[in-house]
Structures are given as structure tokens and as C-alpha cells.
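Participant: What follows is a structure written as C-alpha cells; I'll ask about it next.
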Amino acid sequence: MEQNNQTQKYDENDIQVLEGLEAVRKRPGMYIGSTGPRGLHHLVYEIVDNAIDEALAGYCDLITIEILKDNFIRVTDNGRGIPVGIHPKMGIPAVTVVYTILHAGGKFGGSGYKVSGGLHGVGASVVNALSTWLEVRVSDGQHIHYQKFERGKPVADLKVIGDTDKTGTEVIFAPDPEIFEELEYDYETLLARLREQAFLNAGVRIVLRDLRGEELVENNLCYEGGIRSFVEYIHKRKGLEVLHPQVIYLSGAKGTTTAEIAMQYNESYNELVMSFANDIHTGEGGTHEQGFKAALTRVFNEYARRHNFLRENDKNLTGEDVREGLTAIVSVKMENAQFEGQTKAKLGNTDVRTLVDSIVYEKLGTFFEENPAIAKMIFEKSLNAARAREAARKARELTRRKSVLESSQLPGKLADCSDRDNTYTEIYIVEGDSAGGSAKQGRDRRFQAILPLWGKMLNVEKARVDKVYGNDKLMPVITALGCGIGQDFDVSKIRYGKVIIMADADVDGSHIRTLLLTFFFRFMRPLIEEGHVYLAQPPLYKVARSKKIRYAYSDQERDEAVKELYGADDVKKDIQRYKGLGEMDPEQLWETTMNPESRIMKKVEMEDAVRADEIFTILMGDKVGPRKEFIEANAKYVENLDI
Ligand code: 1YM
577 MEQNNQTQKY
587 DENDIQVLEG
597 LEAVRKRPGM
607 YIGSTGPRGL
617 HHLVYEIVDN
627 AIDEALAGYC
637 DLITIEILKD
647 NFIRVTDNGR
657 GIPVGIHPKM
667 GIPAVTVVYT
677 ILHAGGKFGG
687 SGYKVSGGLH
697 GVGASVVNAL
707 STWLEVRVSD
717 GQHIHYQKFE
727 RGKPVADLKV
737 IGDTDKTGTE
747 VIFAPDPEIF
757 EELEYDYETL
767 LARLREQAFL
777 NAGVRIVLRD
787 LRGEELVENN
797 LCYEGGIRSF
807 VEYIHKRKGL
817 EVLHPQVIYL
827 SGAKGTTTAE
837 IAMQYNESYN
847 ELVMSFANDI
857 HTGEGGTHEQ
867 GFKAALTRVF
877 NEYARRHNFL
887 RENDKNLTGE
897 DVREGLTAIV
907 SVKMENAQFE
917 GQTKAKLGNT
927 DVRTLVDSIV
937 YEKLGTFFEE
947 NPAIAKMIFE
957 KSLNAARARE
967 AARKARELTR
977 RKSVLESSQL
987 PGKLADCSDR
997 DNTYTEIYIV
1007 EGDSAGGSAK
1017 QGRDRRFQAI
1027 LPLWGKMLNV
1037 EKARVDKVYG
1047 NDKLMPVITA
1057 LGCGIGQDFD
1067 VSKIRYGKVI
1077 IMADADVDGS
1087 HIRTLLLTFF
1097 FRFMRPLIEE
1107 GHVYLAQPPL
1117 YKVARSKKIR
1127 YAYSDQERDE
1137 AVKELYGADD
1147 VKKDIQRYKG
1157 LGEMDPEQLW
1167 ETTMNPESRI
1177 MKKVEMEDAV
1187 RADEIFTILM
1197 GDKVGPRKEF
1207 IEANAKYVEN
1217 LDI
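Its first residue numbered 577, the sequence shown is counted upward by one per residue in my numbering.
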């Protein structure tokens, strides 16, 4: 039995352990970001990171992640196994140290440096502290060593439970319901992140399995092409035609720092540059991304001058021109990565900028000289982008001049609020004039503004910036928000803290929601990134019995409301199904959808830039195949949009 609890002597190491675990359990958010779904999934990444490090060190080529029944997680690798020898300073086995002492996930005593690491990079002990129980099995080629923990504390010492000729580590843990709001793992969330890890670590095989259902679900992820395959995958998933068949791959190293870049142009007008440092997605960019962008622009302009794509009087191409239709991955691995920025997702090491810049400048220059046909194609695209930018500038100036001529800059349909402090003002963008009318009457005019939209919106997925300026459906949105678009976008100028899209719960409503979100995503992305965009959730039903009224947001809630108001009474029941916002009177609309005290809203989040970008391209682009597949797979697609 494993319950042979030996009394251990109580020394400073134990105190260190207990204090550490207590701190983690008291403030889990500080260690894993949140106790919501994000934090729950983060536990898996922390354990997997250690296995990936072992793979990068060259000792492991298979990592398996399984979601077990009851949402327990098992992670297995075929590496050397976490060391089981007694740690000289702590006097307990190294594996016990790794799982009980805060910040011991790194390389104490080990050689080399820790390459991978989640956003928080906190290590295995945090996962242990936040699990009801956790078991670790280490195979060292002779014995299987086993230890079990409960809420981070060992229930017994490490012991041998069998013999083996294999090596590796296996960890099973049960996330603690006292800590996490929800315990349900989302397969697709894990899959997206693990696939990214497989791309970033060429050749490492990662197997993900879901054992919760009747049928086994499994994905086997291994990409010999590494980030080259990543770029190909993005284009394929989005159904985008590429401009040249081969992904351009550039790499180099200085000291222990390595950098690699994979890039390919497609027919679209959008750029997707994703950067990573030590396998961590640096969503806020940083020095590696700056080095890439600066060198890219320089290479283009020098090449274009040399080959007469640009004449003496032509202006240089801008960064945005040369990145139109570009998908690129920039990945660096280094010691002592410095993460900065609001969400610690921006790389700060300055020497990385120089390294990436020189790799791109030298190697891409050579590539263009050696592949003139590809170079010509890409340059023509950039020149077109520059022409469109010039047309947009003219259109923009025209609208600026126009709005100065008109006495008021704000759109006529806007019912503005009286307060000006954007920390609590809100704008409702409402579909249709009748719903707009109800919203205007029902609102609190001090802090709520209403902008009704009507008619068919422009699909910006198929439009360049010059088409957006001057578009009669989008200009009211742009001027009402006041923060500009594209290169001119400045979130500090925003006139309202919350931008709330209010549309019917039907197909037309979904359409207008998706069009507006696409517009925000392409032209005002920080608005979404910084959490300003919301979706109003109007109720689907009103259930009434004389003066008692309940609003229901789903069929289940409707049934519950009927039960509450009517019980077993057999009378004809007063249930109204709202087909649209227009059916609600101003008071109802206020009560159900606009009153901050009682309304329900969904915040639009940028969980994953690749996924959001991909979904928009699929939903709003002109390839029918991928869209059909996506909608079939996500019947309630708009509600499931993971942006
Ligand atoms: C299922 C999770 O943790 N694998 C794993 C972890 C380690 C090693 C091998 C390892 C590392 C080193 C030497 C070294 C870790 N060891 C440590 C520490 N899989 C999983 N596989 N030998 C084995 O870094 O030098 C931390 S993680 F600190 F004990 F060495």
C-alpha cells in the first residue's frame, strides 16, 4: 500500500515547500494567470514543457498527452526520466524537488538552458499544488520510481514499484475543483497549442488523445519541416492560394541564440507575422519581430532600386506594403529571454534584433538574386499595395476635408451620450432602425450611445483600406468611435470604453456580427486585443404569469422559468419568443440587454491570433470549400467564434 506514511523530520526545506505551496493555492492567478479555462489548460502546458525540453536536449522523441475520464490528465515521455537521485542541497530526490519546490522547474544542477516554457513558466510544482492529487512515475532503465502527492504535498516518499528496461517520465494529475471554476478540458484548445509546439520543435512527435468519450479521438503531430510546415498549414487551412510554391526559410545563430524565419506570400491583402521566443508566442512582438520587419523593408527597397522596380522619383515601399499577403513565422531560442509589455508577451533582448535583422537582410537578399521570377511576383504585389495605400490616403484626406466642412464630425444617426469619460461610456451598434429606436428610448443617455446600422455591410475581407474610407456603412462606425483605422488607429482616442454589437439572434444578425467583427479585426485589432468589443445577448424568450416576468436566454432557461412560475399548474402558458430586437419595447430592451446590472454580454477575446485570423478568412473570404467545412463543424459558428 502506498499509505506507508513515514514521519519525516521537519526542517527548513519542508517549510520552504509548505510556504511555497500555500502561496500558490492562495493566489493561483499570480502563477497561472487565471483560474478559468485558460489556467486549467495552462497546467497541461507546464508539464508538457518539461518533456519538450527533454526532446530539445535530444533524449526524447515521443510525448503523449491524454485526457482521461473525469478530466484527469496524463503526460508521458520517453526521455531519460526526471533524476531520482538525492539532491545534494535539499536531501530529497530531485524529482520530489521538481514537484514540490516553487521555481525548481528549471535546470538546477542540470546543464544547458531551459528553452521552452509557458507564458508564466512556473514549473511542475505549481501544477502539483493546484491538483487534488498528482502521481509521477519515472523509469530509469532499471526501476519504476513512484510518488504521489495531494494538493502538492507528498503522501509518501518516492519508492520503487517495479522493474523496467525503458526510460521516461509519466505524470497524472487531477485539477483541483477548489481552485478551478470549471474542470472540463477542451480538446481543440489543447490541440491548437500542442500543434504549435510541434511546428516550433521540428521532428518532435506529440500525440494527443481524448479518452473521455465512447470513441477514441487522437491526433498525431510531428512536422519534420518545422516552421516551414507551420506556414504551409496556415495557408492550407485558410484555403489561400500562394504566390510561390516554396516557403522561404532563413536561419542563423550567434553564440547560444538561434533564429529561424519561414515566410510565404499569398494572394490575400492581409499580413500574418507571428513571432515566438523559446516557444512562447510573443503576441506583442518585440526585438525579433522588429529585426525581421526592418530588414524585410530594407531588402525590398534596395532590391527594387537595383532592379528598377522603383524609379528615382518613386517613394520607398513601406513596411505594410512589403508585408501585404505575407505569412511569416519568426522563432528564436535563447538563454535569458526577457519578456516585457502589458502581458509579458513582448521580447526585449536587443541583440536578437541585430541577429534576426542580419539573417534576413543577407539571406533574403541572396534568395531574391537567385530567384528573380519569384522576386518579380512579390514586388509587383508590393507595388500594387503601395498604389492602393496612395489611393487610400487620398480618400482619407477627402473624408477629413469633408468632415471639416460639415459642421458636426459625428454621424447623423448617432445618439451620443452626455458623459465624455471613456472609462465608462458605451456605444451600442444596433442592427436596424426599429431596434435602434427602442435602444435610443430605453438607454441611459448619460453613458450609453446608440448607433443604428442598416442595409448591407461591406465585407472588408475582400477590400483594401481605400475601399473602407468613404464606405457609407463603415464611415459612421469609424467617426463615432473616433480612433481611426489601420495605420492611423489610436486606441487612446476611443470615445467609448465598450463597443457593444447588438444584433438579432438569427442568421442575418450573425452575418452583421461577423462582418463587424471582421472589420474590427482587420482595421482596429487593438480594440479587440484590449478587450473593448462585446456582443450583446438579447433574451430568446419571455415567460410571464400575471405580473411575474422571467427572461430566458436558452431553451433550458425557458423550461426552468416555466417550471418556476407555473409549477404543475395546468393552464395555458404565457411564453413569448422574441424573433428580433425590434419586438422588444424600450423598457424590456433596457432591462434584458442594456442595463449593466442585469444584462448578459460576451466579451470578444483574441484567444489565438492564428485561429481568429483563420476563421475570418474562412468565413469571409471567397473560397467556398473551407467555409462549408467550417460551418458544418461549427453549426452555431458565430457563438463559437474563438476570437
Ligand atoms: C511528463 C513530463 O518532466 N520529463 C523530463 C523532465 C526532466 C528530465 C527529463 C531531465 C532533465 C535533466 C536531466 C536536466 C527534468 N529534470 C529536471 C531536473 N516529463 C518530464 N525528462 N535528466 C532528466 O535538465 O539536466 C527538471 S525537469 F531538474 F531534475 F533535472
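All residues carry an ideal CB built from backbone N, CA and C; glycine is no exception.
Computed from a prediction, not measured in an experiment: that's the story for all the values here.
Identify the residues that DSSP records as bridge partners of His1087: which are they?
Facilitator: Within the sequence shown, the letter at position 511 stands for residue 1087. Looking at the DSSP assignment, His1087 forms no beta bridge with any residue, so it has no partner.
Participant: Ordered along the chain, which non-local residues of its own chain (more than five positions away) have a Cβ less than 6 Å from that of Lys814?
Facilitator: For the purposes of this step, residue 814 is taken as residue 238 along the sequence shown, with counting starting at 1. If we look at Lys814 and ignore the five residues flanking it on each side, its Cβ neighbours are Glu1190, Thr1193.
Participant: Report the three-state DSSP secondary structure of Gly682 (helix, strand or coil).
Facilitator: The sequence position of residue 682 within the sequence shown is 106, counting from 1. Low local confidence applies: a pLDDT of 42 at Gly682 is under 50, so the model's placement there is unreliable, and no value is given.
Participant: Could you check what DSSP says for Asn580 in three-state terms: helix, strand or coil?
Facilitator: Position 4 of the sequence shown, counted from the first residue, corresponds to residue 580. In this prediction, Asn580 scores a pLDDT of 41, lower than 50, which makes its location untrustworthy; the coordinate-derived value is nonetheless stated afterwards. The answer is coil: DSSP assigns Asn580 none of H, G, I, E or B.
Participant: Output the boundary residues of the beta strand (DSSP E) element that contains Asp786.
Facilitator: To locate residue 786, count along the sequence shown from 1; it is residue 210. Element bounds for Asp786: 781–786.
Participant: Run the proximity test for Ile658: is its beta-carbon closer than 7 Å to any non-hydrogen atom belonging to the ligand 1YM?
Facilitator: As a first step, residue 658 is located in the sequence shown; it is residue number 82 there, counting from the start. Yes; taking the cut-off as 7 Å, the Cβ of Ile658 has a heavy atom of the ligand 1YM nearer than that.
Participant: I think Ile1070 touches Tyr1110, with their Cβ atoms under 8 Å apart; what is that distance to the nearest whole Å?
Facilitator: Reading the sequence shown from its first residue, position 494 is the one you call residue 1070. Reading the sequence shown from its first residue, position 534 is the one you call residue 1110. About 14 Å separates the two Cβ atoms, so there is no contact after all.
Participant: Measuring alpha carbon to alpha carbon, tell me which residue in Lys602, Ala871, Val1041, Asp992 is nearest Arg1019.
Facilitator: For the purposes of this step, residue 1019 is identified with residue 443 of the sequence shown, where counting begins at 1. The shortest Cα separation from Arg1019 among Lys602, Ala871, Val1041, Asp992 belongs to Asp992.
Participant: Taking only runs that begin and end inside the region 888–929, name each unbroken beta strand (DSSP E) of 3 or more residues, in chain order.
Facilitator: Counting only runs of 3 or more, we get 902–909.
Participant: From what residue to what residue does the beta strand (DSSP E) around Ile737 run?
Facilitator: Locating residue 737 in the sequence shown gives position 161, counting from the first residue. 735–739 is the extent of the beta strand (DSSP E) around Ile737.
Participant: Tell me whether Asp855, by its Cβ, gets closer than 7 Å to a heavy atom of the ligand SAM.
Facilitator: In the structure on display, the ligand SAM does not appear, and the ligands it does have are the ligand 1YM.
Participant: CB of Asp653 to nearest heavy atom of the ligand 1YM: below 7 Å?
Facilitator: Reading the sequence shown from its first residue, position 77 is the one you call residue 653. True, at least one ligand heavy atom lies under 7 Å from that Cβ.
Participant: Of all the alpha helix (DSSP H) runs that stay within the bounds of the region 813–899, which reach a length of 4 or more residues?
Facilitator: With a minimum length of 4 residues, the continuous alpha helix (DSSP H) runs that stay inside the region 813–899 are 863–882, 895–898.
Participant: In the DSSP assignment, find the beta strand (DSSP E) that holds Lys1179 and state where it starts and stops.
Facilitator: Residue numbering aside, residue 1179 sits at position 603 when the sequence shown is read from its first letter. It spans 1177–1179 - the beta strand (DSSP E) in which Lys1179 sits, taken as one unbroken run.
Participant: Leaving aside the five residues before and after Gly895 along the sequence, list all residues of the same chain whose C-beta is less than 6 Å from its C-beta, in chain order.
Facilitator: Taking the sequence shown and counting its residues from 1, the one referred to as residue 895 is at position 319. Excluding positions up to five away in sequence, the list reads Lys869, Thr873.
Participant: Under the rule that 16 or more other beta-carbon atoms within 10 Å means buried, what is Met563, buried or exposed?
Facilitator: Coverage of the chain is limited to positions 577 through 1219, which leaves residue 563 absent and any answer about it impossible.
Participant: Measuring only from the beta carbon, is Val747 closer than 7 Å to any heavy atom that is part of the ligand 1YM?
Facilitator: One-based indexing of the sequence shown puts residue 747 at position 171. True, at least one ligand heavy atom lies under 7 Å from that Cβ.
Participant: Which of the three DSSP states is assigned to Val660 in this structure?
Facilitator: Position 84 of the sequence shown, counting from 1, holds the residue named residue 660. Coil.
Participant: For Arg929, which residues of its own chain have a beta-carbon under 6 Å away from its beta-carbon, when the five flanking residues on both sides are left out?
Facilitator: Translated into positions along the sequence shown, residue 929 becomes position 353. Same-chain partners within the cutoff: Thr863, Gln866, Gly867.
Participant: Rounded to whole angstroms, how far is the Cβ of Leu784 from the Cβ of Leu767, which I believe are closer than 8 Å?
Facilitator: Indexing the sequence shown from 1 puts residue 784 at position 208. Indexing the sequence shown from 1 puts residue 767 at position 191. Right, their Cβ atoms sit about 6 Å apart.
Participant: Mind checking whether the beta-carbon of Ile1005 lies closer than 7 Å to any heavy atom of the ligand 1YM?
Facilitator: For the purposes of this step, residue 1005 is taken as the residue at position 429 of the sequence shown. Every heavy atom of the ligand 1YM is 7 Å or more from the Cβ of Ile1005, so no.
Participant: Is Gly1008 helix, strand or coil when you go by DSSP?
Facilitator: For the purposes of this step, residue 1008 is taken as residue 432 along the sequence shown, with counting starting at 1. Coil at Gly1008, not helix or strand.
Participant: How many Å lie between Pro1052 and Gly609 at the Cα?
Facilitator: Within the sequence shown, numbered from 1, the residue matching residue 1052 stands at position 476. Within the sequence shown, numbered from 1, the residue matching residue 609 stands at position 33. Approximately 37 Å between the Cα atoms of the pair.
Participant: What does the alpha-carbon distance come out to for the pair Asn947 and Asp933?
Facilitator: Position 371 of the sequence shown, counting from 1, holds the residue named residue 947. Position 357 of the sequence shown, counting from 1, holds the residue named residue 933. Between Asn947 and Asp933, the C-alpha separation is close to 21 Å.
Participant: Which residue marks the beginning of the beta strand (DSSP E) containing Leu707, and which one marks its end?
Facilitator: The sequence position of residue 707 within the sequence shown is 131, counting from 1. It should be pointed out that residue 707 corresponds to Ser in this sequence rather than to Leu. Where Ser707 is concerned, the enclosing beta strand (DSSP E) stretches over 707–716.
Participant: Is the beta carbon of Ile935 less than 8 Å from the beta carbon of Ile837?
Facilitator: Working through the sequence shown from its first residue, we reach residue 935 at position 359. Working through the sequence shown from its first residue, we reach residue 837 at position 261. Contact flag set, yes.
Participant: May I have the straight-line CA-CA distance separating Arg972 from Tyr1072, to the nearest angstrom?
Facilitator: Looking up residue 972 in the sequence shown gives position 396. Looking up residue 1072 in the sequence shown gives position 496. Looking at the two C-alpha atoms, the distance is approximately 22 Å.
Participant: Identify every residue that forms a DSSP beta bridge with Tyr607.
Facilitator: Counted from its first residue, the sequence shown places residue 607 at position 31. Beta-bridge pairing links Tyr607 to no other residue.
Participant: Roughly how many angstroms separate the alpha carbons of Arg603 and His617, rounded to a whole number?
Facilitator: Position 27 of the sequence shown, counted from the first residue, corresponds to residue 603. Position 41 of the sequence shown, counted from the first residue, corresponds to residue 617. For Arg603 and His617, the distance between alpha carbons rounds to 17 Å.
Participant: Please state the DSSP three-state secondary structure of Leu974.
Facilitator: One-based indexing of the sequence shown puts residue 974 at position 398. Helix.
Participant: So, at 7 Å on beta carbons, what are the nonlocal neighbours of Gly861 in its own chain, with the 5 sequence-adjacent residues on each side left out?
Facilitator: Here residue 861 is taken as the residue at index 285 of the sequence shown, counted from 1. Ser851, Lys922, listed in sequence order.
Participant: Within its chain, find whatever has a CB closer than 6 Å to the CB of Arg1040; leave out the 5 residues flanking it on each side and keep chain order.
Facilitator: Start at 1 with the first residue of the sequence shown, and residue 1040 comes out as number 464. Same-chain partners within the cutoff: Tyr845, Ala964.
Participant: Output the boundary residues of the alpha helix (DSSP H) element that contains Met1051.
Facilitator: Here residue 1051 refers to the residue found at position 475 of the sequence shown. Counting along the chain, the alpha helix (DSSP H) containing Met1051 begins and ends at 1051–1057.
Participant: May I ask you to report which of helix, strand or coil DSSP gives Pro1269?
Facilitator: For the chain, the structure presents residues 577 to 1219; residue 1269 sits outside this window and is missing.
Participant: Assign Ser1130 to buried or exposed, taking buried as 16 or more other Cβ atoms, counted over all protein chains shown, within 10 Å of its Cβ.
Facilitator: The sequence position of residue 1130 within the sequence shown is 554, counting from 1. Counting Cβ neighbours within 10 Å, Ser1130 comes out exposed, since fewer than 16 surround it.
Participant: So does Asn704 have its beta carbon nearer than 7 Å to some heavy atom of the ligand 1YM?
Facilitator: On the sequence shown, position 128 is the one that residue 704 refers to. No - the ligand 1YM has no heavy atom lying nearer than 7 Å to the Cβ of Asn704.
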